[in-house]
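Below you'll find the structure, written out as structure tokens, and then a few comments.
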Amino acid sequence: MGCISVLGSLVWGHHISTLALEADTRAYFTAVTMMISLPTGTKVFNWLCTVLGNSLLILVSSSAIFALIFLVMFTLGGSTGVILGNAAVDVALHDTYYVVAHFHFVLSLGAVIALFLGILHFQDIFFNSFLHSLCARNARYHFVISSFGINLTFTPIHFLGFNLQPRRIPDFPENFNSWNLLSSIGSGLTLYALSLMASEA
Numbered sequence: 008m009g010c011i012s013v014l015g016s017l018v019w020g021h022h023i024s025t026l027a028l029e030a031d032t033r034a035y036f037t038a039v040t041m042m043i044s045l046p047t048g049t050k051v052f053n054w055l056c057t058v059l060g061n062s063l064l065i066l067v068s069s070s071a072i073f074a075l076i077f078l079v080m081f082t083l084g085g086s087t088g089v090i091l092g093n094a095a096v097d098v099a100l101h102d103t104y105y106v107v108a109h110f111h112f113v114l115s116l117g118a119v120i121a122l123f124l125g126i127l128h129f130q131d132i133f134f135n136s137f138l139h140s141l142c143a144r145n146a147r148y149h150f151v152i153s154s155f156g157i158n159l160t161f162t163p164i165h166f167l168g169f170n171l172q173p174r175r176i177p178d179f180p181e182n183f184n185s186w187n188l189l190s191s192i193g194s195g196l197t198l199y200a201l202s203l204m205a206s207e208a
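All residue numbers for the sequence shown refer to the working numbering, where the first residue is 8 and numbers rise by one.
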């Protein structure tokens, strides 16, 4: 974590590759950005071993299944960040939906899923056995629908970014309708899963 913190404070320039940075400065930020993937990969591997090391925990605890989806979303988002770490690619994709999808996979979804995980963990501790079994069943439905809905929401946004759909523009060409429709269906599923979360609490 300390290595990630130190490297993370040195890669601020990869967010401003579209400014008039010199070529050697861009090369430095690209190299350090690629270096940050090594300790991050180690951290994700440690988390995964912790979660999967006790397979009984996954069968019993409703919060442990959300630890798995957190790891998957964080890893997918981090993989898209490695692509954006290359300054030449970042210049092309900087103002597109690709950056939006990357940001939501890593930060927004990571924080929201960790919040769900915390709520479910404390429900497992404080509720009696009847409420625990009801919450565990709802949490598994919530997990499956959330996993599918989140991926259906943000995977098409990556493809829209590759097709250079700009962000912060309310209108888009007709050929992007299918990707945007899939993304809207995924967000509806995620909202439905959130209503299951409300019934758990």
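Note that the Cβ used here is the ideal one computed from N, Cα and C, for glycine as well.
Checklist entry - Roughly how many angstroms separate the alpha carbons of HIS165 and ALA99, rounded to a whole number? => result Position 158 of the sequence shown holds residue 165. Position 92 of the sequence shown holds residue 99. Spanning the two alpha carbons is a distance of roughly 14 Å.
Checklist entry - Do THR82 and SER153 come within 8 Å of each other at the CB atom, strictly closer than that value? => result Within the sequence shown, residue 153 is the residue found at index 146, counting from 1. Within the sequence shown, residue 82 is the residue found at index 75, counting from 1. Result no, Cβ atoms of SER153 and THR82 do not sit closer than 8 Å.
Next on the checklist: What would DSSP say about PRO180, mapped onto helix, strand or coil?
Outcome noted: Residue mapping note: residue 180 aligns to position 173 of the sequence shown, counting from 1. Of the three classes helix, strand and coil, the one that applies to PRO180 here is coil, per DSSP.
Checklist entry - Candidates LEU91, ASP178, SER115 and GLY193: which alpha carbon is nearest ILE23's? => result Position 16 of the sequence shown, counting from 1, holds the residue named residue 23. Among LEU91, ASP178, SER115 and GLY193, the Cα nearest to that of ILE23 belongs to LEU91.
Checklist entry - From this set, THR32, GLY168 and ARG147, which residue's C-alpha is nearest VAL106's C-alpha? => result Against the sequence shown, residue 106 aligns to sequence position 99. Here the closest residue by C-alpha is GLY168.
Item to check | Selected residue, minimal CA-CA separation from SER2, among VAL89, TRP54 and PRO163 | outcome: Any answer about residue 2 is impossible in this case: the structure gives the chain only from 8 up to 208.
Next on the checklist: Whole angstroms are fine: how far does the CA of ASN145 sit from the CA of ALA200?
Outcome noted: In the sequence shown, residue 200 corresponds to position 193, counting from 1. In the sequence shown, residue 145 corresponds to position 138, counting from 1. Each residue's Cα considered, the two are about 9 Å apart.
Checklist entry - Exposed or buried, PHE150, counting other C-beta atoms within 10 Å across all chains shown (16 or more means buried)? => result Within the sequence shown, residue 150 is the residue found at index 143, counting from 1. So PHE150 ends up on the buried side.
Item to check | Among LEU55, ALA34, LEU127 and THR160, nearest to HIS109 - alpha-carbon criterion | outcome: Within the sequence shown, numbered from 1, the residue matching residue 109 stands at position 102. Closest by alpha carbon: THR160.
Item to check | THR103 - partner residues in DSSP beta bridges | outcome: For this step, residue 103 is matched to residue 96 along the sequence shown. For THR103, the pairing in a beta bridge is given by DSSP as PRO173.
Next on the checklist: If you reduce the DSSP assignment to three classes, tell me which class MET42 lands in.
Outcome noted: Your numbering for residue 42 matches position 35 in the sequence shown. DSSP places MET42 in helix when its eight states are reduced to three.
Checklist entry - Would you call LEU114 buried or exposed, if buried means 16 or more other Cβ atoms sit within 10 Å of its Cβ? => result To locate residue 114, count along the sequence shown from 1; it is residue 107. Exposed, by the Cβ-count rule.
Next on the checklist: Assuming SER115 is part of the alpha helix (DSSP H), what are its boundary residues?
Outcome noted: By 1-based counting over the sequence shown, the position of residue 115 is 108. Premise fails: SER115 is in no alpha helix (DSSP H) and is neither H nor E.
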